[in-house]
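What follows is one structure encoded as structure tokens, with my remarks underneath.
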Amino acid sequence: MNDRLFSGIRPTGEIHIGNYLGAIKNWADLQANYESFFCIVDYHAITTPFIPAEMQAKIREMAIGIISCGVDPEKSTLFIQSHVSEHTELSWILSSVTNFNWLTGMIQFKEKSDQHPENINASLFAYPVLQTADIALYNAKKVPVGEDQIQHIELARDVIRKFNFNYTNVLIEPEALITKAKRIMGLDGINKMSKTLNNDISIIDSSDVIFQKLRPAMTDPARVRKTDPGDPEKCNVYLSYHKNFSNEETLGIVREGCTTASIGCIDCKKLLHKGMNEHLEPIREKYNKIALDKNYITDILDYGAKKAKTVASKTLEDVKKSMGLK
Ligand code: TYM
């Protein structure tokens, strides 16, 4: 039996190229070598403001997106967090071995509290404990995530270590798996790409929309006029996007053109647009095809929840026994 792998994503609706390159592309690449569980974490999504009437559509869109990016539901288990009640149950149990001080140091808690000062609630604070439970239930050894999640995985290791120390050694300490595209910056070149900050390109944006978004995207600030030379290593368009979507030949043309000021930023963006569009077109086509069949996604998510529950309920049983709760 292969080692287990677990990862999750919040149901924000459309997948942007940040979480595609930082996580989901990696999920698709890794599924052949691991017994993989991928979870749409709706209980994490309710820790920040959301619109109830949109929730189901966003979950479905996320599931369609994940499959369109190459996660194969025949190889991997894809499911919705709230369909497997063991997640919240284990989260409560693990909160009893989580030091309050560990949670006060979490960067994501501070960031989300700043974004939503009107709604700093207890679930936002306890969020990393639920994330630990997600991983621990499947005894996952590896957790493919972007850089922003490393602190949460470190916390999960601490919580699990403390649990194993206090009770019997029933849970496995996970390790983060990071890709080279671990932190994709947004089109503003200042913040990490994120749907909330509206600085993103979606994997299903049309060719025209992609170009409209790329046009004003931040480049090397030294290139004010076409005749000003620049440094590709200081250009977000080169670092975050060209490096992931353009082939070696194009990368060479762009580097040379930028340093010698022989091509303008808009020409660089046109070259990028071509590569990005070629990469994303098959994903878009698959997405549009799957979206037509309503039952397909429902069946996959129902089947995934059943498979996940079989594993999760066994772990929870072991945890309860080790604590004298059974
Ligand atoms: P979430 O939904 O914010 O993001 C999903 C995945 O995408 C990665 N990611 C990025 N990678 C590179 N550049 C970016 N701009 C970028 N934006 C997002 C994230 O690092 C993540 O891997 N708490 C998690 C979800 C979660 C989870 C888990 C993950 C819940 N339980 C258990 C792993 C294991 C989150 O909010 O991810």
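All the letters of the sequence shown, read from the start, carry residue numbers -2 to 323 under my numbering.
From the three backbone atoms N, C-alpha and C, an ideal C-beta is built for every residue, glycine too.
| Check | Outcome |
| --- | --- |
| Using 8 Å for Cβ pairs, my map puts K306 next to E71. What's the rounded Cβ distance? | That belief does not hold up - the Cβ atoms of K306 and E71 are roughly 19 Å apart, past 8 Å. |
| Select from L269, N188, A153 the residue whose C-alpha is nearest the C-alpha of W99. | A153 |
| Given that a residue counts as buried once 16 or more other Cβ atoms are within 10 Å of its Cβ, and exposed if not, what is W24? | buried |
| According to DSSP, is E115 helix, strand or coil? | coil |
| Near M215, what residues of its chain come up, given a Cβ to Cβ distance below 8 Å and the 5 sequence neighbours on each side ignored? | L184, D185, G186, I187, N233, V234 |
| Would you report the Cα separation of S243 and K22, rounded to the nearest angstrom? | 16 Å |
| When you compare the stretch 34 to 54 with the stretch 1 to 19, are there three or more beta-carbon pairs, one atom per stretch, that lie closer than 8 Å? | yes |
| Less than 9 Å between the beta carbons of G19 and K179, yes or no? | yes |
| Apart from the five residues just before and just after I331, which ones in its own chain have a Cβ nearer than 8 Å to its Cβ? | Absent from the structure is residue 331, since the part of the chain shown begins at -2 and ends at 323. |
| Which of the three DSSP states is assigned to I169 in this structure? | coil |
| Just tell me which of E11, N195, Y124, S73 has its CA closest to the CA of K85. | Reading off the sequence, residue 85 comes out as Thr, not Lys. Of the listed residues, the one whose Cα sits closest to T85 is Y124. |
| Would you decide whether A173 is buried or exposed? Buried here means 16 or more other CB atoms lie within 10 Å of its CB. | buried |
| From T193 to K317, what does the alpha carbon distance come to, in whole angstroms? | 38 Å |
| If we call anything under 9 Å between Cβ atoms a contact, is I207 one with I61? | no |
| Under three-state DSSP, which class holds I342? | No answer is possible for residue 342: the residues shown for the chain start at -2 and end at 323. |
| Are there any heavy atoms of the ligand TYM lying less than 8 Å away from the beta-carbon of Y164, as far as the coordinates show? | no |
| Quick one: is the Cβ of Y31 within less than 8 Å of any heavy atom of the ligand TYM? | no |
| Should the stretch 44 to 53 be called in touch with the stretch 268 to 278, which here means at least 3 C-beta pairs below 8 Å? | no |
| Rounded to a whole number of angstroms, what is the C-alpha to C-alpha distance between N30 and S73? | 11 Å |
| Compute the beta-carbon to beta-carbon distance between A302 and I77, rounded to the nearest angstrom, for a pair I have assumed lies under 8 Å. | 7 Å |
| When the Cα atoms are used, what is the spatial distance from Q53 to L87? | 24 Å |
| If I follow the unbroken alpha helix (DSSP H) through L2, where does it start and stop? | No alpha helix (DSSP H) contains L2, which is instead part of the beta strand (DSSP E) from 1 to 6. |
| Check whether the Cβ of V324 lies closer than 8 Å to any heavy atom of the ligand TYM, and answer yes or no. | Past the boundaries of the shown model lies residue 324; the chain is included only from -2 to 323, so the question cannot be answered. |
| Relative to the C-alpha of T9, which residue among Q28, K55, R220 is closest? | K55 |
| Using the three-state DSSP reduction, which class does L75 fall into: helix, strand or coil? | strand |
| Return the CA-CA distance between D296 and Q28, expressed in angstroms with no decimal places. | 20 Å |
| If we ignore side chains and look at the alpha-carbon of each, how far apart do I406 and D205 end up? | In the structure as shown, the chain starts at -2 and stops at 323, and residue 406 therefore has no counterpart that could be examined. |
| Less than 8 Å separating the Cβ of G15 from some heavy atom of the ligand TYM? | yes |
| Shorter than 8 Å, the distance from the beta carbon of M273 to the closest heavy atom of the ligand TYM, or not? | no |
| Roughly how many whole angstroms lie between the Cα atoms of V167 and S319? | 8 Å |
| Going by other Cβ atoms of all chains shown within 10 Å of its Cβ, with 16 needed for buried, is F97 buried or exposed? | exposed |
| Is the beta carbon of L134 closer than 9 Å to that of T44? | no |
| Could you tell me the boundaries of the alpha helix (DSSP H) in which F162 lies? | 147 to 163 |
| Based on Cα-Cα distance, which residue from S191, V68, K159, N241 lies nearest to K271? | N241 |
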